[in-house]
Structure formats: C-alpha cells, structure tokens
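**Student:** Numbering (the numbering used here), first residue to last: 15 to 351.
No residue lacks a Cβ here, since even glycine has one placed at the ideal position from N, Cα and C.
1) Do you know offhand how far residue 170's Cα is from residue 268's?
2) Classify residue 229: buried if its beta carbon has 16 or more other beta carbons within 10 angstroms, exposed otherwise.
3) Between which two residues does the alpha helix (DSSP H) containing residue 198 stretch?
4) Quick one: which unbroken alpha helix (DSSP H) runs of 4-plus residues sit fully inside the segment 150–188? Chain order, please.
5) In this structure, how does DSSP classify residue 225 when only helix, strand and coil are distinguished?
6) Which of the three DSSP states is assigned to residue 117 in this structure?
7) Take residue 164 as the anchor and find which of 242, 215 and 92 has the nearest alpha-carbon.
8) Does the Cβ-Cβ distance between residue 66 and residue 272 come in under 8 Å?
9) Counting only beta-carbon separations shorter than 8 Å, does residue 305 have a partner in chain C?
10) Which residue comes first and which comes last in the alpha helix (DSSP H) that contains residue 236?
11) Under a three-way DSSP split, which group does residue 138 fall into?
12) How about the segment 204–215 and the segment 129–136: do they share at least three Cβ pairs that are nearer than 8 Å?
13) Residue 324: buried (16+ other C-beta within 10 angstroms of its C-beta) or exposed?
14) Does the segment 58–65 come into contact with the segment 191–203, if we say contact requires no fewer than three beta-carbon pairs (one atom in each stretch) closer than 8 Å?
15) Let me know if residue 308 comes out buried or exposed under the rule of 16 or more other beta-carbons within 10 Å of its beta-carbon.
16) What number of angstroms, rounded off, separates the C-alpha of residue 142 from the C-alpha of residue 299?
17) Mapping DSSP to helix, strand and coil, what is residue 43?
18) Between the C-alpha atoms of residue 347 and residue 239, what's the straight-line distance to the nearest angstrom?
19) With three or more C-beta pairs closer than 8 Å as the rule, is the segment 332–344 touching the segment 275–288?
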C-alpha cells in the first residue's frame with residue numbers, strides 16, 4: 015500500500031472512530047436527559063438492535079437466509095427464565111443454579127441447540143434451508159404450550175431482577191448502562207469477527223461458495239460456526255429482554271419475531287453491522303409513532319416496509335456508504351433451491 019493510499023485511509027478511519035464515540039456518548043447520556051419511560055424505550059431499542067445485528071452475521075456476511083432466528087432469541091429467554099426462577103424441569107435440578115449461572119446455562123443451551131439445528135438445516139440450501147429454520151422455530155413456539163407446567167404456557171414466566179455479579183438490575187438507570195455495555199461489547203465482538211480472516215472467509219462463501227470450497231475452505235463448518243455464533247448473540251438479546259420486561263412470553267419464539275430481524279436488516283442495510291442498528295431504529299420508531307396515530311398502524315407499517323424494499327433495495331446504509339452493496343435481489347437469489 016502506498017503512502018498516499020494510507021494517508022487517505024487514516025482520515026476515513028478517524029471519522030468512523032469519531033462517529034462511534036459520539037454515538038456511544040450520546041447513548042450514555044440518555045438516562046441523564048430523559049424520563050424513566052423514555053429510557054426504557056431506548057433499552058428496548060438497544061435490545062432490538064442487538065437482535066438485528068446478530069442476524070446480519072448470517073444474511074449480510076455469509077449469505078445465509080434464515081426464517082427462524084426467533085428460536086435462539088426466544089430459547090435464550092426461556093432457558094434463562096426457567097433456571098433463574100427454579101422451574102421444575104424433569105431430570106434437571108434448577109434450584110442450585112444462581113442468577114448469574116442461569117445466564118451462562120441459557121447461552122450454553124442455545125449454543126448446543128443452534129449447533130444441532132444448524133447442522134440439520136444446512137444439509138439443505140436456499141428456500142429449503144430457510145423453511146427448515148422456520149419449522150424449528152415453530153417447534154420451539156409450540157413446545158412452550160405443550161409444556162405449560164414448565165414454561166407457564168400463554169401466561170409465560172414472571173422474572174424478578176436480582177443482583178448479577180454484584181450489580182442491582184432493579185434500578186432503571188443501572189440496568190440501562192448494563193444493557194448499553196453488553197450491547198456495545200457484543201457489537202464490537204461481532205465487528206472483530208467480521209473483520210478478521212474468519213470474516214473474510216464468510217464473505218467469500220457469500221460471494222461464491224463453490225470457489226471458496228475450491229480454495230480449500232470447509233464451507234459447511236464455517237457456515238455452521240457462524241450460525242451458532244449468531245444464535246448466541248441473539249440469545250443475549252433475548253435474556254436482556256427478559257430482564258427488562260420481567261417476563262418470558264411465547265411471542266419471543268413466534269415466526270414474526272424472526273421476521274422482524276429480517277426486515278430490520280433489509281431496511282438498514284446488510285453486511286455492515288451498523289445498518290441493522292439503523293433498521294432497528296426505523297422499525298421501533300415507526301411502531302411507536304404509528305400506534306399513536308391510528309389503530310390500523312400495522313397496515314401503515316407494512317406500507318413502510320414495501321417502500322423501503324422497492325425503492326431502497328440496499329437499505330439505508332446503501333444510501334450512506336458503499337460498504338452496503340447487498341440488495342434484496344441478492345437475498346431472493348440466495349433463496350433459490
């Protein structure tokens with residue numbers, strides 16, 4: 015790389031760093047300048063953003079279109095709730111698991127389930143893979159009702175915030191900063207993942223899996239590993255949601271929850287990580303605004319989605335940066351059998 019090229023890149027890197035620092039500081043100031051209710055809304059946005067970014071690892075960086083991303087999100091939430099509240103589970107003792115341990119156990123369960131479901135689903139490709147992941151998510155959703163003695167059925171499982179690693183989560187401001195730190199940490203971890211040599215292999219699989227395989231990469235193993243990683247990050251979002259809302263409900267596993275992840279990523283821009291954050295802001299902001307305007311807000315929200323998909327195929331990130339070069343057309347091609 016020439017000195018001139020390096021000089022051009024440094025200002026760009028500096029601008030990116032400045033933007034990230036400004037955004038983080040702005041988010042850090044939220045509890046200081048807003049009401050408790052408004053702070054709660056931002057917490058919901060941060061959780062939603064983490065969920066969307068975890069999905070971008072699949073669709074944006076690896077070209078894997080999953081319709082079942084609700085499974086790791088909801089499973090993480092329920093596994094945590096079951097172990098954190100000492101629910102009766104056959105052949106398993108939950109009484110000895112501390113609150114912190116429940117988080118680790120939930121993440122481990124999601125990792126194992128993602129490994130198994132990913133291994134099975136990745137035997138197929140295109141729309142068949144997408145439908146298999148959707149089927150797994152719906153199995154999880156139905157399992158909540160079939161095991162209501164453990165999951166609470168339609169009523170869910172009530173959660174009460176406790177101290178985690180000595181931090182009292184019952185305080186709203188404290189929980190906000192915990193959420194901000196966790197979400198930021200996960201985002202940085204995913205950024206590191208995608209910019210590493212591992213991430214470059216994922217991108218090569220997305221662009222041409224046959225060529226990547228010809229170069230000697232075990233593409234199945236790479237896809238399976240990122241499927242598990244995306245599931246674990248989604249589970250973190252699910253656990254945060256449970257801690258914030260103090261309840262685990264079946265809706266977390268419903269197909270529309272996974273659909274939200276897809277829409278946020280498409281609207282924000284795939285393959286950027288920050289694009290889905292913007293998409294989450296659009297989705298969350300639109301819902302909050304439209305629900306105050308009309309009872310038919312879902313129709314208007316659907317219209318917003320259609321407009322974005324048709325007229326902004328590369329997402330908002332595509333309008334702002336050349337980094338987002340994937341479009342809805344790419345997703346449709348990847349869904350071909």
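**Tutor:** In brief:
1) 13 Å
2) exposed
3) 186–209
4) 162–165
5) helix
6) helix
7) 92
8) no
9) The structure shown contains no chain C; it is built from a single protein chain.
10) That run of the alpha helix (DSSP H) goes 233–259.
11) coil
12) Output reads no: the segment 129–136 does not touch the segment 204–215.
13) exposed
14) yes
15) exposed
16) 33 Å
17) In the displayed model, residue 43 falls within coil according to three-state DSSP, outside both helix and strand.
18) 23 Å
19) yes
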